[in-house]
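K.L.:
Number of protein chains: 2
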Amino acid sequence: MQGVDLKSYARSVARDVDAFILRNVSGEPRELYDAAVHLVKAGGKRLRPMIVVAAAEALGAEREAAIPFAAAVEIVHTYTLIHDDIIDEDEVRRGVPAVHKVWGIPLAITAGDMLSAKAFEVMVKARDYGVPVERIVKAVETLSSSMVRVAEGQAMDIMFEDRMDVTLEEYLKMVYLKTGALFEASAALGGLAATDDERVIRSLREYGKCLGIAFQIKDDILGLAGVEEKIGKPVYSDLREGKRTILVIYALSKLDQQGREKLLSVLGRRDATREELEEAAELIKSTGAIEYATSIAEEYANRAKAALSVLPDTPQRRILEELAAFSVKRQV
Amino acid sequence: MQGVDLKSYARSVARDVDAFILRNVSGEPRELYDAAVHLVKAGGKRLRPMIVVAAAEALGAEREAAIPFAAAVEIVHTYTLIHDDIIDEDEVRRGVPAVHKVWGIPLAITAGDMLSAKAFEVMVKARDYGVPVERIVKAVETLSSSMVRVAEGQAMDIMFEDRMDVTLEEYLKMVYLKTGALFEASAALGGLAATDDERVIRSLREYGKCLGIAFQIKDDILGLAGVEEKIGKPVYSDLREGKRTILVIYALSKLDQQGREKLLSVLGRRDATREELEEAAELIKSTGAIEYATSIAEEYANRAKAALSVLPDTPQRRILEELAAFSVKRQV
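Note that the protein sequences, when read in sequence, are chains Y and U.
All letters in the first sequence, in the order written, are residues 1 to 332 by this note's numbering.
All letters in the second sequence, in the order written, are residues 333 to 664 by this note's numbering.
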């Protein structure tokens with residue numbers, strides 16, 4: 001493992017996790033399973049399973065013992081993408097058509113539902129690799145609670161679209177729930193594949209939670225200032241959907257009356273033209289919102305990194321550290 | 333327990349399970365949790381939790397040890413109703429507006445997703461009542477696999493609507509997956525709350541599976557010949573949605589060319605008039621489809637009852653036997 005870089009580690013985890021997922025997510029009717037693995041096959045960064053595997057390996061576990069948990073979190077992530085795209089009426093994801101655009105909304109809802117259950121079915125397989133049942137039960141508790149939180153965050157996000165007065169505090173809570181909670185669970189599951197030590201699990205939770213928040217803030221930034229081909233979905237879709245991102249919240253607090261009205265007149269208008277969207281984006285950028293959001297993201301990334309001090313000094317701990325830095329630096 | 337009848341047993345289980353569900357399914361945002369418990373509060377028969385509790389008690393377990401599993405299956409059932417109503421565009425359920433009619437499709441999808449995860453979160457609480465972790469892991473495996481099957485059945489049902497040539501065999505497979513699998517899991521979970529005995533669990537599975545199939549066939553019958561106020565949803569909605577029920581499959585196989593064309597001209601037409609629907613229903617009834625379907629349902633109910641011979645002769649075993657009879661006799 002000496003000198004392994006983030007990229008090749010990511011590749012090797014993705015290979016193992018994808019193989020496990022594709023082996024376990026298959027069956028009849030074929031359309032259901034095709035819909036379910038559509039986004040898995042389309043790519044993605046596999047950040048969550050990478051956190052599971054790196055945390056487990058950093059604590060001395062064999063990789064194969066961590067793979068069922070790693071696959072479970074990626075399966076959960078995939079299901080939330082399928083349902084999110086229906087909810088947000090997004091048509092493109094990971095550079096391919098959204099699941100509901102190919103198979104229709106009824107089958108897309110059902111494919112997401114199947115995956116949500118499948119995550120627990122595959123978790124239990126950790127038993128075959130020697131993970132004690134006590135820890136599997138804790139893992140089920142951890143994953144299910146995080147999924148409840150993800151739904152709470154999703155609900156907050158849905159309701160924010162009708163509100164003009166979302167605060168930074170509410171935004172951060174929503175982001176923790178919608179994104180941070182599954183990262184938090186991923187890090188905890190990696191720990192549970194390896195150890196009973198509650199102190200270690202708690203620190204891993206803190207790592208995952210802060211990493212997830214940093215990651216989502218950067219996602220908001222890329223949604224406004226990213227390159228379409230790299231992020232795999234249309235830029236400005238957050239504006240079109242009226243999402244209360246950290247950038248929008250900050251800009252609304254800094255703009256004068258005229259600027260605020262201008263921005264609000266575009267926000268959430270699904271028929272806004274490219275020109276109007278670009279103008280709104282410039283308005284947001286003019287307030288220094290991107291620099292502000294970046295500083296908050298860096299703060300969380302640093303907190304994530306600091307939480308790792310409880311882990312033994314291993315190459316996989318360094319992978320987790322690099323991941324924290326990557327969450328803010330990335331352009332994809 | 334001497335001489336307890338089905339009705340009062342059902343009432344007592346419903347009271348305990350509902351209290352547990354309402355205590356555990358609560359949080360913020362309020363709208364999400366209101367949407368999630370809307371159908372729980374609207375009534376329902378609580379058949380699945382009753383199976384869990386009766387099986388556990390028949391095997392000598394304390395009721396409180398079975399309540400987390402019983403709540404889990406009812407929570408799963410509730411979530412499938414919420415998503416099914418979106419998929420089928422149904423507007424009324426249990427005599428109240430469907431969840432998506434009150435809170436909109438995005439929040440209804442999310443409420444279902446939350447419940448699906450919540451089921452596993454509450455299952456784990458069986459640990460606090462002395463159920464060994466080995467059996468909780470088996471219960472997680474059992475419930476998650478059944479939920480995967482429910483999704484497979486739902487997908488088959490969705491795809492049947494575009495097909496004219498669904499066979500009785502395909503129908504029975506779909507019904508087993510969509511309805512039977514969760515009944516099967518309910519009976520198995522009741523067993524797992526009480527015992528490690530694989531032979532007992534296997535027989536309980538058989539009981540639940542056959543009961544679920546009988547129950548669904550009767551549901552199809554009530555959907556055509558039931559009383560609207562009793563079943564809590566509009567009669568004929570299956571016809572309007574073009575569902576390939578056992579009645580439709582049988583009728584299509586018995587009608588002459590003219591009758592078949594007449595029936596197909598109404599089936600799946602959402603704008604069909606009440607008169608057209610009534611005519612189609614009469615056409616189906618004229619083939620003897622209801623008598624045929626009833627005989628198949630009775631066959632499954634008898635198989636369910638026979639599978640109970642493995643249980644000790646207790647009042648709760650008699651409850652399970654009565655439930656098998658009720659699944660076919662019921663008018664609600």
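Idealized CB from N, CA, C, for every residue including glycine.
Can you find the residues in the same chain that come closer than 6 Å, C-beta to C-beta, to M488/U, ignoring five residues on each side of it along the sequence?
P.N.:
M506
K.L.:
Distance check for I67/Y and M1/Y, CA to CA, integer angstroms please.
P.N.:
With a pLDDT of 48 at M1/Y, under the threshold of 50, the modelled position of that residue is not reliable, and the figure given next carries that caveat. About 18 Å.
K.L.:
In angstroms with no decimal places, state the Cα-to-Cα distance between L536/U and R650/U.
P.N.:
Annotation: L536/U to R650/U spans about 14 Å, alpha carbon to alpha carbon.
K.L.:
Please classify E473/U as buried or exposed, where buried requires at least 16 neighbouring CB atoms within 10 angstroms.
P.N.:
buried
K.L.:
Considering just the uninterrupted stretch of the alpha helix (DSSP H) at S641/U, what are its terminal residues?
P.N.:
Segment: none, S641/U is in no alpha helix (DSSP H) and carries neither H nor E.
K.L.:
Tell me which residues of the region 437-467 of chain U have at least one Cβ-Cβ distance to chain Y shorter than 7 Å, keeping chain order.
P.N.:
P438, L439, I441, T442, D445, M446, S448, A449, K450, F452, E453, V456, R459, V465, E466
K.L.:
Quick one: Cα of A386/U to Cα of D460/U, how far?
P.N.:
20 Å
K.L.:
Shorter than 8 Å from the beta carbon of S618/U to some beta carbon of chain Y?
P.N.:
Closer than 8 Å: no.
K.L.:
Between K550/U and the rest of its own chain, which residues show a CB-CB distance below 7 Å, the 5 nearest in sequence each way excluded?
P.N.:
Cβ neighbours of K550/U beyond the five flanking positions: A629, S659, V660, R662.
K.L.:
For A71/Y, would you say it is in contact with chain U, using Cβ-to-Cβ distances shorter than 8 Å as the test?
P.N.:
Not one beta carbon of chain U lies nearer than 8 Å to the beta carbon of A71/Y.
K.L.:
Is the separation between the beta-carbon of A58/Y and that of G130/Y shorter than 8 Å?
P.N.:
no
K.L.:
With 16 as the cutoff for other CB atoms within 10 Å, does R276/U come out buried or exposed?
P.N.:
Limits of chain U in this structure are 333 at one end and 664 at the other, which puts residue 276/U out of reach.
K.L.:
According to DSSP, is D572/U part of a helix, a strand, or is it coil?
P.N.:
The sequence shown places Arg at residue 572/U, rather than the Asp named in the question. Judged by DSSP in its simplified three-state form, R572/U adopts helix.
K.L.:
Give the DSSP-derived three-state secondary structure of V668/U in the structure shown.
P.N.:
No answer is possible for residue 668/U: it lies beyond the span of chain U, which begins at 333 and ends at 664.
K.L.:
For the alpha helix (DSSP H) containing P29/Y, name the first residue and the last one.
P.N.:
Here P29/Y belongs to no alpha helix (DSSP H), and DSSP marks it neither H nor E.
K.L.:
For chain Y, is any of its Cβ atoms less than 8 Å away from the one on S477/U?
P.N.:
yes
K.L.:
Listing by chain order, which chain Y residues have their CB less than 9 Å from the CB of I418/U?
P.N.:
I105, P106, I109
K.L.:
Would you say H409/U lies against chain Y (beta-carbon separation less than 8 Å)?
P.N.:
No, H409/U lies away from the interface with chain Y (no Cβ there is under 8 Å from its Cβ).
K.L.:
Mind checking if A14/Y is an interface residue toward chain U, Cβ cutoff 8 Å exclusive?
P.N.:
no
K.L.:
Determine whether the Cβ of A483/U lies closer than 8 Å to any Cβ atom of chain Y.
P.N.:
yes
K.L.:
Leaving aside the five residues before and after P427/U along the sequence, list all residues of the same chain whose C-beta is less than 6 Å from its C-beta, in chain order.
P.N.:
Reading off the sequence shown, one finds Gly at residue 427/U, where the question assumed Pro. Same-chain partners within the cutoff: G564.
K.L.:
Relative to the alpha-carbon of G108/Y, which residue among V124/Y, D18/Y, E89/Y has its alpha-carbon at the smallest distance?
P.N.:
A small correction: the amino acid at residue 108/Y is Ala; Gly does not occupy that position in the sequence shown. Selected option, being the one with the closest Cα: E89/Y.
K.L.:
Taking C-beta pairs closer than 9 Å, name the residues in chain Y that P381/U reaches, listed in chain order.
P.N.:
Simply none; closest approach about 19 Å.
K.L.:
For M147/Y, which of helix, strand or coil comes out of DSSP?
P.N.:
helix
K.L.:
Below 6 Å CB to CB, which residues in the same chain sit around E423/U once its five sequence neighbours on both sides are set aside?
P.N.:
Contacts found: A430, K433.
K.L.:
Please state whether DSSP places A375/U in a helix, a strand or coil.
P.N.:
A small correction: the amino acid at residue 375/U is Gly; Ala does not occupy that position in the sequence shown. Coil, per DSSP.
K.L.:
Classify T371/Y: buried if its beta carbon has 16 or more other beta carbons within 10 angstroms, exposed otherwise.
P.N.:
Missing from the structure shown is residue 371/Y; chain Y here goes from 1 to 332 and no further.
K.L.:
In chain order, what residues of the same chain lie with their CB nearer than 7 Å to the CB of R378/U, ignoring the 5 residues before and after it?
P.N.:
A342, V345, A346, V349, E406
K.L.:
Taking its Cβ as the centre, do 16 or more other Cβ atoms sit within 10 Å of K230/Y, making it buried, or is it exposed?
P.N.:
exposed
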